[in-house]
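Chemist: What follows is a structure written as structure tokens; I'll ask about it next.
In UniProt numbering, the protein residues as written are 1 to 146.
Here it is as structure tokens:
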């Protein structure tokens, strides 16, 4: 998974996979899955379970730039939602941080994200809605009721 990476303009949206894998090793809340297309590794999904009775959170969803636009991200999210519903019917909400639809500017150029590279519309199509104003990094919380 460490060799996969998003498109260049999306780098400001998320941490590198190797960082995510290290975080997951030291977090009791992390749930990580590889995303495959047949035998080909195309991405990774990392979810956090902060309150097992209610709150789940997509910590990272990364589809390698070569495989974006082919439905793998959507299928991974549908899988995550179904997994939560099956294993915890009491779960109420799934959240994710997103760059706003207009993108975000940063003094650190790799952290700048253009509007076309924001995942906002991807999550919106999955029925996530914005549930908080932008944070200090210019990112917004989006959630879906389970």
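Using N, Cα and C, we set each Cβ at its ideal position, and we do this for glycine too.
#1: What does DSSP give as the partner residues of residue 36 in its beta bridges?
#2: Is the region 88-107 touching the region 116-132 in the sense that three or more CB pairs, one from each, lie closer than 8 Å?
#3: Taking Cβ to Cβ, would you say residue 61 is nearer than 7 Å to residue 41?
#4: Considering only heavy atoms of the ligand ADP, does any lie closer than 6 Å to the CB of residue 39?
#5: Assuming residue 63 contacts residue 35 under a Cβ cut-off of 8 Å, what Cβ separation, rounded to an integer in Å, is found between them?
#6: To the nearest angstrom, report how far apart residue 85 and residue 146 are at their CA atoms.
#7: Roughly how many angstroms lie between the CA atoms of residue 65 and residue 138, to the nearest whole one?
#8: For the candidate residues 105, 74, 93, whose alpha-carbon lies nearest to that of residue 48?
#9: Between 55, 38, 59, 39, which lies nearest to residue 27 when the distance is taken from Cα to Cα?
#10: Output the residue ranges of the beta strand (DSSP E) runs that lie fully inside the region 54-123 and measure 3 residues or longer, sorted by chain position.
Modeler: The structure says:
#1: 41
#2: yes
#3: no
#4: Judged by which ligands are present, the structure shown has none, so any question about the ligand ADP falls away.
#5: 7 Å
#6: 7 Å
#7: 23 Å
#8: 93
#9: 59
#10: Taking 3 residues as the minimum length, the beta strand (DSSP E) runs contained wholly in the region 54-123 are 55-63, 93-98, in order along the chain.
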